[in-house]
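**Student:** Here it is, the structure, as structure tokens.
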Amino acid sequence: MAAAAASSSSSSLKVGIVGFGTFGQFLAKTMIKQGHTIRATSRTDHSHLCHQLGVSFFRDTLSFLEADNDVILLSTSILSLSEVLRSMPLHCLKRRTLFVDVLSVKEYPRNLLLQVLPEAMDVLCTHPMFGPESGKNGWKDLPFVYEKVRVRDEPRCSRFLQIFESEGCRMVEMSCEEHDKLAARSQFLSHAIGRILSEMGIESTSMNTKSFETLVKLKESTNNDSFDLFSGLFIHNRFAQQELMNLEHSFEMVKQRLRRGTSEEQNLSKREEGTCKYREEVVETCRHREECREEVVQTCRHRKEVVRGYVVEQTCRYMEEVGSGSEEGICKYKVEIESVPVVVKACITYEG
Ligand SMILES: NC(=O)c1ccc[n+]([C@@H]2O[C@H](COP(=O)([O-])OP(=O)(O)OC[C@H]3O[C@@H](n4cnc5c(N)ncnc54)[C@H](OP(=O)(O)O)[C@@H]3O)[C@@H](O)[C@H]2O)c1
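Here you go:
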């Protein structure tokens, strides 16, 4: 294996991009402008576009890996990374190379890269927090998050980071775990809301308020990204599931507050306070409180389970079905319930 130092002699890098889709192409254009040499390989034949951009395109991953890259940049979809990496003859790499991923989740590629790459390879996990739309007028002040997971050739890693520093990015060094926690609360949430707005078919009107314009823009920008990207943000970020539940829960809370706004509702609330000694917990957890006032007492019977988490909300929602017999035969929402393990516990509670 050639000494790593040999690759650190000039500031121009040979970067091999795996996954030459929207984002791979977007990054390549700036790297080319900066004078780096770009090679690419991808599932689709992008040779025509590559020819126009001055990028060498390899259909064959073996030739790609043998092309003496300083850096291999992984820009596949989140969902396909594992399959793509495992299909590459990585043992054929002839020199120590810096592997960089740009996936929008971070713990997942970090774990995968540490698992499948030969020990001699350096690993830098990154997330440029912008895309072709938000970065179309330059990258100045846009955040670039990274963690040096296994970096021995520091100069080479710095030269790679310099690509983003020199464009004016705000460089943020943080752990992959911290990134995923924050991204679930910000990026995943905004994609989820954008997708919901799209489901609702919201469109610009002749009397848009500024806030509505923001919603229309959010809908448009999230829909410009692939659904694979959105799914990946959910499936491969362990914090996203909780945020989705928080979103559902908060939606229900807002609805309840709206409904409780009427004087009739306020009166009913007061009456209920007298009968249900666990009212506070129930108000927090039972999303269909108004609809299932009678069942509230039942919910209270299982107070300990109810306070354990939001998941019980889903049980509450289907509680007539769940409560009317054994979980196995009667619960017609069993399929949904199975997809959230904790709910199965709640279900069992209702059996009792
Ligand atoms: N778009 C953004 O704004 C943005 C911003 C930051 C980070 N990222 C990250 O960058 C990566 C690429 O994003 P993207 O916007 O280009 O869209 P994407 O839909 O997430 O990924 C498209 C890329 O994945 C490849 N791919 C998809 N399914 C595949 C499969 N089954 N086997 C092999 N390759 C497959 C595509 O290859 P072909 O082109 O050959 O079909 C294409 O190169 C993602 O990991 C994303 O999280 C995106």
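Residues 458 to 809 in this note's numbering are what the sequence shown lists, from first letter to last. Quick reminder that beta carbons are idealized off the backbone N, C-alpha and C, glycines included. Predicted, not measured: the structure shown is a model, and the values here were computed from it.
#1: Helix, strand or coil, according to DSSP, for R500 in the structure here?
#2: Assuming V580 and L571 are in contact, meaning their beta carbons sit under 8 Å apart, how far apart are those beta carbons, in whole angstroms?
#3: Check whether the Cβ of A640 lies closer than 8 Å to any Cβ atom in chain B.
#4: Just mark M628 as buried or exposed, buried being the case when its beta carbon has 16 or more other beta carbons within 10 Å.
#5: Does V740 come out as helix, strand or coil in the three-state DSSP assignment?
#6: Count the other CB atoms, across all protein chains shown, that sit within 10 Å of the CB of S591; report buried if there are 16 or more and exposed otherwise.
#7: By DSSP, does V673 sit in helix, in strand, or in coil?
#8: Please determine whether the Cβ atom of V557 lies at a distance below 7 Å from any heavy atom of ligand 1.
#9: Report all residues from its chain with a CB closer than 6 Å to the CB of S513; omit the five preceding and five following residues, and keep chain order.
#10: Should S469 be labelled buried (16 or more other beta-carbon atoms within 10 Å of its own) or exposed?
#11: According to the Cβ coordinates, are L654 and L675 closer than 8 Å?
#12: The beta strand (DSSP E) spanning K605 covers which residue range?
#13: Taking the straight line between their C-alpha atoms, what separation do you get for E656 and E677?
#14: Using only CA atoms, which one of L618, K597 and L599 lies nearest to K605?
#15: If you check the beta carbons only, do T554 and V528 fall under 8 Å apart?
#16: Closest to L510 by C-alpha separation, out of H693, M488, K597 and N665, would be which residue?
#17: Please report how far the alpha carbon of H636 lies from the alpha carbon of R616, in whole angstroms.
#18: To the nearest angstrom, how far is it from the Cα of S663 to the Cα of G651?
#19: Distance check for L599 and F587, CA to CA, integer angstroms please.
#20: Taking all protein chains shown into account, do 16 or more other C-beta atoms lie within 10 angstroms of the C-beta of A640, making it buried, or fewer, making it exposed?
#21: Identify the continuous beta strand (DSSP E) that holds P585 and give its terminal residues.
#22: Could you check whether V475 and T498 sit closer than 8 Å to each other, using their CB atoms as the reference points?
#23: Quick check: does the Cβ of E564 come within less than 7 Å of any heavy atom belonging to ligand 1?
#24: Sort out for me which residues DSSP pairs K471 with in a bridge.
#25: From S668 to E630, what distance separates their C-alpha atoms?
#26: Does D682 pass the burial test, meaning 16 or more other C-beta atoms within 10 Å, or should it be called exposed?
#27: Based on the DSSP output, what are the partners of I529 in its beta bridges?
#28: Are E624 and K597 close, meaning C-beta to C-beta below 8 Å?
**Tutor:** Straight from the coordinates:
#1: coil
#2: About 7 Å separates the Cβ atoms of V580 and L571, confirming a contact at the 8 Å cut-off.
#3: The structure shown contains no chain B; it holds only a single protein chain.
#4: exposed
#5: The predicted position of V740 is uncertain, since its pLDDT is 41 and thus under 50; no value can be drawn from it.
#6: Per the 10 Å Cβ criterion, exposed.
#7: helix
#8: no
#9: R496
#10: It counts as exposed.
#11: yes
#12: P600 to R607 is the extent of the beta strand (DSSP E) around K605.
#13: 12 Å
#14: L618
#15: yes
#16: M488
#17: 23 Å
#18: 21 Å
#19: C-alpha separation (whole angstroms): 7 Å.
#20: buried
#21: Here the beta strand (DSSP E) through P585 covers D579 to P585.
#22: yes
#23: no
#24: T494
#25: 33 Å
#26: buried
#27: DSSP lists G473 and F556 as partners of I529.
#28: yes
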